[in-house]
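Student: Let me give you the structure first, and then I'll get to my questions.
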Amino acid sequence: MDLGLKDKRVLVTGGNSGLGAAIARAFAAEGARVAINYLVNPKQSDALVEEFTATGGEALQLMADISDPQAVERMFSEIDDAWGGIDVLVNNAGIDGVHALGWEADADVWGRVVDINLKGTFLCAREALKRMVAQRSGVVLNTTSVHEVIAWAGYSAYTASKAGVSMMSKSLAQEAAPYGVRILCIAPGAIRTPINQAVWQDPEGYRDLLTKIPLGRIGEPEDVAKIAIMLASDAASYITATTIFVDGGMTDYPSFAHGG
2 MDLGLKDKRV LVTGGNSGLG AAIARAFAAE GARVAINYLV NPKQSDALVE EFTATGGEAL
62 QLMADISDPQ AVERMFSEID DAWGGIDVLV NNAGIDGVHA LGWEADADVW GRVVDINLKG
122 TFLCAREALK RMVAQRSGVV LNTTSVHEVI AWAGYSAYTA SKAGVSMMSK SLAQEAAPYG
182 VRILCIAPGA IRTPINQAVW QDPEGYRDLL TKIPLGRIGE PEDVAKIAIM LASDAASYIT
242 ATTIFVDGGM TDYPSFAHGG
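With the numbering used here applied, the sequence shown closes on residue 261, and no number is skipped along the way.
Spelled out as structure tokens, the structure:
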């Protein structure tokens, strides 16, 4: 199925590893022009750009701290200079922070999680929407998490930021819909990426994790990437202002499968 993404101008934040890299690859495979935002590990960005251009694609690598308004503005200006604008933004960059109970948390560490996950998502969405509203087309995909609805002890900043992104996205979608712009969230569950490697590489932790997933397997980055390209395409042209959970059923409360 041709998703009609050829030559679309796509920015993936945090696009040089994990979910971001898988999403960037999926768009590149569809013929899109892909800009990879990163803050650390530039060699990973270099490798992806080389991979995409080696097969005839177009790619950019853009270093920027997405929590810095000026850095975000410069990043979008670079995309304007190279491609004349943007068609799809995938707000993927994020951190989970340091485990700490609420009364033990360091305020600055807590705030840094919110600055990146929520404020950074907003800053990138703001710049993308300036362009998309003017051209009366575009898609913004914001990565949240099952923890936009499932509590996670020790990670109140992460859960607050992801729940905040979900409601912010609904509000932005309401604002942008009259201009033909769609805004959605993708909420991954347990995905095999470096951010949760300590869990899925530990046999006991992995067994416990699987009890939380009705489908009985951990997700792969490609599971999320496939949904991203579909939602960015006209195949999803009547979908906006909602969250698509890619979680193997984790939000279906599997502990209740055998009664309350």
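C-beta: ideal position from N, C-alpha, C; glycine also.
#1: Nearest to arginine 34 by alpha carbon, out of Leu40, Asn42 and Ile24?
#2: Between the C-alpha atoms of alanine 178 and tyrosine 39, what's the straight-line distance to the nearest angstrom?
#3: Pick out the complete alpha helix (DSSP H) segments inside the segment 199–259, 4 residues or longer, and give them in chain order.
#4: Have a look at Pro70, Gln71 and Glu31 and flag the residue whose alpha-carbon is nearest the alpha-carbon of glycine 57.
#5: Can you tell me which of the three DSSP states isoleucine 80 falls into?
#6: Indicate whether asparagine 93 and glycine 5 have their beta-carbon atoms separated by less than 7 Å.
#7: Please state if the CB of glutamine 62 and the CB of serine 46 are separated by a distance shorter than 7 Å.
#8: Note down, one range per segment and in chain order, each beta strand (DSSP E) of at least 3 residues found wholly within the segment 61–138.
#9: Could you check where the beta strand (DSSP E) with valine 35 kicks off and where it finishes?
#10: Does the Cβ-Cβ distance between valine 200 and valine 91 come in under 7 Å?
#11: With respect to the alpha helix (DSSP H) encompassing alanine 27, which residues constitute its N-terminal and C-terminal limits?
#12: In the DSSP output, what is isoleucine 192 paired with across the bridge?
Tutor: Well, looking at it:
#1: Ile24
#2: 29 Å
#3: 204–211 and 222–233
#4: Glu31
#5: helix
#6: no
#7: yes
#8: 89–92
#9: 34–39
#10: no
#11: 19–30
#12: Gly220
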